[in-house]
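Novice: First the structure, which I've put down as structure tokens, then a few questions once you've had a look.
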Amino acid sequence: MPETRKAVLTLEDGSVFVGRSFGYEKPCAGEVVFNTAMTGYPESLTDPSYEGQILVTTYPILGNYGVPADTDAPEGRVKDNFESERIHCEAIVCQDYSWNPSHWQSERSLSDWLKEEKIPGIYGVDTRRLTKLLREKGSMLGKITFEGGEDIEFHDPNKENLIDKVSTKEVIEYGDGDKTVVLVDCGTKLNIIRCLLKRGVKVVLVPWDYDFNKLEWDGLFISNGPGSPEFADATVEHIREAMKTGKPICGICMGNQLLSRAAGAKIYKLKYGHRSHNQPVLKVGTDKCFITSQNHGFAVDTSTLDSDWEPLFINMNDDTNEGIRHKTKPFFSAQFHPEASSGPKDTEFIFDDFVALLRK
Amino acid sequence: MANNIKKALLLGSGALKIGEAGEFDYSGSQALKAMKEEGIATILINPNIATVQTSEGFADKIYFLPVTPYFVRKVIEKERPDGILLAFGGQTALNCGVELYRDGTLEELGVKVLGTPVQAIIDTEDRELFVKKLDEIDVKTIKSEAVTSVEGAVYAADQLGYPVIVRAAYALGGLGSGFCDTREELVKLVEKALSFSPQVLIEKSLKGWKEVEYEVVRDSHDNCITVCNMENFDPLGIHTGESIVVAPSQTLSNEDYHMLRKLAIKIVRHIGIVGECNVQYAYDPASMDYRVIEVNARLSRSSALASKATGYPLAFVAAKLGLGYGLHELKNSVTKSTSAFFEPALDYIVCKIPRWDLAKFHGVHREIGSSMKSVGEVMAIGRTFEEVIQKGLRMIGQGMHGFVENKALRVDDLDKALKEPTDKRIFAIAQALRNGYTVERIHELTKIDRWFLNKLNNIEQTSRELEKYDSLKALPLELLQQAKCQGFSDFQVARALYGDRMAAESEKLTDEVRRYRKEAGIKPVVKQIDTLAGEFPALTNYLYLTYNGETDDVDYLGDHRSVVVLGSGAYRIGSSVEFDWCGVNALITVGKEGYRPVMINYNPETVSTDYDMCERLYFDELTFERVMDILELEAPHGVILSTGGQIPNNLAMRLAANDVNILGTQASDIDNAEDRNKFSSLCDRIGVDQPRWREVTSLEAIDQFVAEVGFPVLVRPSYVLSGAAMNVCSNEEELARFLKLAANVSKQHPVVVSEFIQEAKEIEMDAVAQNGEIKLYAISEHIEFAGVHSGDATIQFPAQKLYTETIRRIKKISGRIAEALHISGPFNIQFLAKNNDIKVIECNLRASRSFPFVSKVSKQNFIDAATKVMLGIPVEKPSKSAFDLDYVGIKASQFSFSRLQGADPVLGVDMSSTGEVGCLGEDTSEAILKAMLSVGYRIPSTSKKILISSGTARQKVEMLEPARKLHKKGYTICATGGTADFLNKNGVPAIRVFFPSEEGNPQILEMLHGKEIDLVINIPKDLTARELSNGYKVRRAAIDLNVPLITNARLAAAFIEAFCELSLDDIKIKDWSKY
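Respectively, the protein sequence lines represent chains A and B.
Residue 144 in numbering that gives the first Met the number 0 is what sits at position 145 of the first sequence, and the numbering runs on without skipping anything.
Residue 1030 in numbering that gives the first Met the number 0 is what sits at position 1031 of the second sequence, and the numbering runs on without skipping anything.
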């Protein structure tokens, strides 16, 4: 094991966690959140929804299978192995780091990748203590500093429009299917694009505040994204406009929240959010349950939905909303991630349902 | 709820055997709890009397009967249950259930199978159907050719190309399975496999692939979850029961993990499982290619492990699903608030390590492979792989201190030891790293994933770092902390620092490390297993200790109102489910008496490690170091050492020296019983006789002793080179050979030699005393003469054939010993009796293996009484009539020789049975017949022959009457030379047959292969090598060809008498409460 530098994670309540560095060594600050997934760090790190956050993994051992190659897939910018172009979180924190990864697809270690992308990583932290603290006090701001290095101020990413920060700046077209889907990029994971393309549709990726109503499309899809949905008023306006067409609309995660806002609902911040691969979800009015992958800090207050909307899924652990649907029109959404990556793929049927509506 | 069940029958798994052990006591107990919660009346059939599930309060009615279609049908006819549970008693219960389904019994008697439908079970068990079923959904299986003959097997293997793997269908734990590199090996294996199973499968071998399993749960609404996945440290080719296993998987990427998970769910849905199921994969280490190895449509060893690894009660949930519940209707029993429909997130890693006992068997092959040989397992929990592997290697209890800092391994060919795995391979890896092998080289030889090897190398590197220092003062604290985070014990640190000095003062130096690190603030912390990685608050009491953390998850009250019960660790030969029963009963009484019961144990196959059995469960080591760590935190009222077998008992002196309040008999008295010299002088003082013995340090001294007492003698070396630890030597030559080959006699390694009394009865006294006065006792008698280990012997209680005088004297002697040792708690004394001459051979101041047996037969809970004594509560003596039973209990031993390739199935002074049953009867014959049928014997068919080959003249005489009975009953007897002569001369016709070493026909082996013989009685004259080799081939062939074998004249006589006197129909179908 190489010589490592001491690193300190400080929370806004004054709690201190001392660990050692295995990534890039520059101070950083953000909102500290934990994820209970046991696999999928390359996917999580590149998930734009983690923008501005310091990610704590509760599974204690990290880096086991290294990092796959950064290859371009045939569809141009939809890369095979990652969820976006770069690492989005501010830093990653774990208990134990595997210096010698082992996997046939591994091209470099997590440590090397973090250094390339200039992202700090620290290990040797009691992540269970940290998780319990975040659970009890709610998500907190935190910062990471290095022994002998400079200090940094706390920084609250939720005060900025993170969606704007991660969204595409231009309109990009993918595939050439029979139906056209506009995908509003609030910070989309590439697997949403892959899942749509796999079903033979053409995807037009547009910036979060782009007025897609002027385009020709068969279905509208609103992606996941980081931070607070309150910053995306423009998107909500465009969705309201789109609803008038009666054409199919689907949203995921942030997409669920924005569709809900368009349907009149209020959004609130969860104490510490849902970030894991094991969230149980019940389809309302049925006995059908699904294990889902989730990553969100805000939730929809379904009591505030307009009367022609209803909950579609609810979380079986804490009864929070997991999706809504319009009572008569082909509009629906999921708070969880049917595109998985990382996590269980049990709800990929959401894409089937959506594409079937297009072809109806 | 869909079905309206009022009364349900649960099938247990019978005696513990290799491949079917304590895990089914755990799953059965959970299922019974689940039924009880629903108000369903439960009936249990299980002859395993030492289990927790066969205790009061679990099932409403218990039948100590064999789990075979005949007896199960009888019980169904009598009880008329509406439902039957087949998934909780291992392969034994499953096979029995499938047979009852096939022959129409279940339908005829209106019994509904709860949970997975039988057709789905058949689809997974019959290899051909299984492959077809998975082909339907394009899931890849290991293509195999099902054959029913040796010729068919050879043809199939030629088509597939060697190496191939042979698997027997419908067999537990891979019995009769194995790899074959050549046609010759194939023929040999297939012949054996066909004797167990009508069908054998030949497959292409995928050696070197990863082995990964998923535990899947599905409800009748088609909701599906995978509770846990696990990855084998050892690549494919080693049975998962023989493999070191980690959970969750460590080397799978997210894509790998979820591709296999999705596939598992698809499979389980397609097959139609309702309840729990296990899917095993072979997974290519260099692509995403996979094969499904097998699907177990029942609770399994893996599911028990997964339950303990995650805190998700699989068996409990599976039982509820069998009643028609949906997963979403059940609660997570850890959080009590969240749903049972979820997948546990682990924030720790667990490591399972098998426990082998191969040294106990003569001639057994040490290689491990596709069929199971291990007798138990341990599970270690921690937050780094280094920590769990080191913890686990200490837990298996084979004298190892972890991965490093052990006695150097003696191997001639390290490459071979790495390439051809044996029970010692992990230590061969340690040795290789020490010798400078690179991770790459070890990977080449073992095919073990580099990730694991690199982690092991981290431990080796830390060990080398530590060795650079020779005192604690010089040792950097950061390095010490790092070592502790990697699972180094205080002993390992001390050994790395002090090397040779440890030989003389290991305890003192280890204590120094402990003191020093505690002063430096290097202490473990207590963490909870909460199923959700801290995401939700959980009131869980399921705990482990780790150095990879800063704060404890639980608060300590410091009110001294808890009582810590130490468990029994890994199941092994000589210590298994009986001590789990003792531990669980101690916990129950502690709780009832107003204390908080706390358990420390690390065996995932047990009920005592079920977190709802106590207030706090520490799933952790039973080493002095860890027990002290826990006691310092817990500050209990006291500790119970006497219900967990020898492991906790051995801690007595060190704990006492550290001012731990040991409840019951004090450490110094325990020492007086354990220390041979001290015990001897105590016996002399109170006038109790012992067989003569001497501790000697030279060969001359042995000869001198033998000259005084004569042969045979029992020799017990203190240091064993190879083979079994004890041996009986009958003559000069034998003694010389044993001492030369097996033992080292020197000042450092003394040998204990004792007089061996032949044809003596062995009697056991199990008792509970309070302040030196016996309160409760049970006297049982061995069917076999002394010389068969008490753990292998057939025991009857109450004793039926002892003189009143003998019994009176045994009571008196026991009373004197109890008084002299100030016993307060459970104890056991073993006696030899010959012509009213009574000698004490052993005395243990703890619960013995037979406590559950005598407790259940006498219906007086000895552990409950003992625990009360230890808590200082006065215990009354029961009335005299309580000792007067009008029925008999027989405890018979289960052997697993069929799994131990090459082992000689002969019984001796060292124990070799893996389990036991206990059955009740109106008389000895009925009880013995039930018991023998329960451990796999069958009443021989009169159309087949019985082989008798008896040893000495006396044994021949003993076999005469039984042989006459067989003849009268219409059996054809065949016998070897001397025996045939003797029988014929005495008017019992016997056909002369020939040993393989003899010229002449008919040859025994041919008759066995031709299935002409249905019972083999082969009694060696003595246990000398020459005598043993003579009958070895016959005994081994009997085992390999599944023909019942008895090697003891007294047991053979008792069994023959039983089945000549009684037929199956004469056996009464009576539940426990009716006795």
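For every residue, glycine included, the Cβ atom is placed at its ideal position computed from N, Cα and C.
(1) What residues in the stretch 343-356 of chain B bring their beta carbon closer than 9 Å to a beta carbon of chain A?
(2) Hey, is the stretch 626-635 of chain B in contact with the stretch 800-819 of chain B, meaning 3+ C-beta pairs nearer than 8 Å?
(3) Can you give me, in chain order, the residues of the stretch 246-261 of chain B that have a beta carbon less than 9 Å from any beta carbon in chain A?
(4) Thinking C-beta only, is S292/A closer than 9 Å to F335/A?
(5) What does DSSP give as the partner residue(s) for E19/B in the beta ladder?
(6) Taking the alpha-carbon positions, what's the S721/B to E733/B distance?
(7) Evaluate T941/B with the Cβ neighbour count: other Cβ atoms within 10 Å of its Cβ, from every protein chain shown; 16 or more gives buried, anything less gives exposed.
(8) According to DSSP, which residues form a beta bridge with M139/A?
(9) I'd like to know if A532/B contacts chain A, where contact means its C-beta is closer than 9 Å to some C-beta of that chain.
(10) I think P343/A touches R217/B, with their Cβ atoms under 8 Å apart; what is that distance to the nearest whole Å?
(11) Excluding sequence positions up to five away, which residues of its chain have a Cβ less than 7 Å from the Cβ of R433/B?
(12) Identify every run of the beta strand (DSSP E) within the stretch 253-328 of chain B, keeping only runs that are complete inside it and at least 3 residues long; order them along the chain.
(13) Per the contact definition of three or more C-beta pairs closer than 8 Å, is the stretch 25-41 of chain A in contact with the stretch 107-119 of chain A?
(14) What is the DSSP secondary structure of V138/B, counted as helix, strand or coil?
(15) According to DSSP, simplified to helix, strand and coil, what is N648/B?
(16) What residues in the stretch 247-278 of chain A have a beta carbon less than 9 Å from any beta carbon of chain B?
(17) So what's P716/B in DSSP terms, helix, strand or just coil?
(18) List in chain order: all unbroken beta strand (DSSP E) runs of 3+ residues lying wholly within the stretch 319-399 of chain B.
(19) Taking DSSP as the reference, what is the three-state secondary structure of E78/B?
(20) Does the separation of the CB atoms of G375/B and G21/B fall below 9 Å?
(21) If you draw a straight line from the C-alpha of I42/B to the C-alpha of F623/B, how long is it?
(22) Nearest CA to the CA of A92/B: which residue from R297/B, G920/B and V525/B?
(23) Going by DSSP, which residues form a beta bridge with F843/B?
(24) Name the residues in the stretch 46-71 of chain A whose C-beta lies less than 8 Å from a C-beta of chain B; which are they?
(25) The alpha helix (DSSP H) that contains E1060/B, what's its start and end?
(26) From which residue to which residue does the beta strand (DSSP E) around K760/B run?
(27) Considering only DSSP beta bridges, list what H295/A is partnered with.
(28) Check the Cβ-Cβ distances between K335/B and every residue of chain A, and say whether any is below 9 Å.
(29) Would you identify the three-state DSSP class for E146/A, choosing helix, strand or coil?
(30) Is any beta-carbon of chain A found at less than 9 Å from that of L326/B?
(31) Quick check: the stretch 218-234 of chain B against the stretch 279-288 of chain A, are at least 3 beta-carbon pairs closer than 8 Å?
(32) Here's the rule I'm using: 16 or more other beta-carbon atoms within 10 Å means buried, otherwise exposed. How should T803/B be labelled?
(33) Among I782/B, H788/B and A798/B, which one has its Cα closest to the Cα of Y776/B?
(34) Keeping to the same chain, check which residues put their C-beta closer than 6 Å to that of Y497/B; ignore five residues upstream and five downstream.
(35) Within the continuous beta strand (DSSP E) that includes G322/A, where are the two ends?
Specialist: Taking the geometry as given:
(1) P343, A344, L345, D346, Y347 and I348
(2) no
(3) Answer in chain order: P247, S248, Q249, T250, L251, S252, N253, E254, D255, Y256, H257, M258, R260 and K261.
(4) Yes; because the gap between Cβ atoms is below 9 Å, this pair is in contact.
(5) K16/B
(6) Residue placement at S721/B is flagged as unreliable, the pLDDT there being 49, under the threshold of 50; a coordinate-derived value is accordingly withheld.
(7) That one is exposed.
(8) Bridge partners of M139/A: V31/A.
(9) yes
(10) 15 Å between Cβ atoms; not a contact.
(11) E459
(12) 274-282 and 289-295
(13) The stretch 107-119 of chain A makes contact with the stretch 25-41 of chain A; the number of CB pairs closer than 8 Å reaches 3 or more.
(14) coil
(15) Annotated three-state conformation of N648/B is helix, per DSSP.
(16) Y271, H273, R274, S275, H276, N277 and Q278
(17) The answer is strand: DSSP assigns P716/B an E or B state.
(18) Counting only runs of 3 or more, we get 348-354 and 375-381.
(19) helix
(20) yes
(21) 42 Å
(22) Proximity to A92/B across R297/B, G920/B and V525/B peaks at R297/B, based on C-alpha coordinates.
(23) Note that residue 843/B is Asn in the sequence shown, not Phe. In the DSSP assignment, N843/B forms a beta bridge with N827/B.
(24) T57, Y58, P59, I60, N63, Y64 and P67
(25) A1048 to E1060
(26) Run containing K760/B: K760 to Q769, per the beta strand (DSSP E) assignment.
(27) H273/A
(28) no
(29) Three-state result, E146/A: coil.
(30) yes
(31) yes
(32) exposed
(33) A798/B
(34) L508
(35) Where G322/A is concerned, the enclosing beta strand (DSSP E) stretches over N320 to H325.
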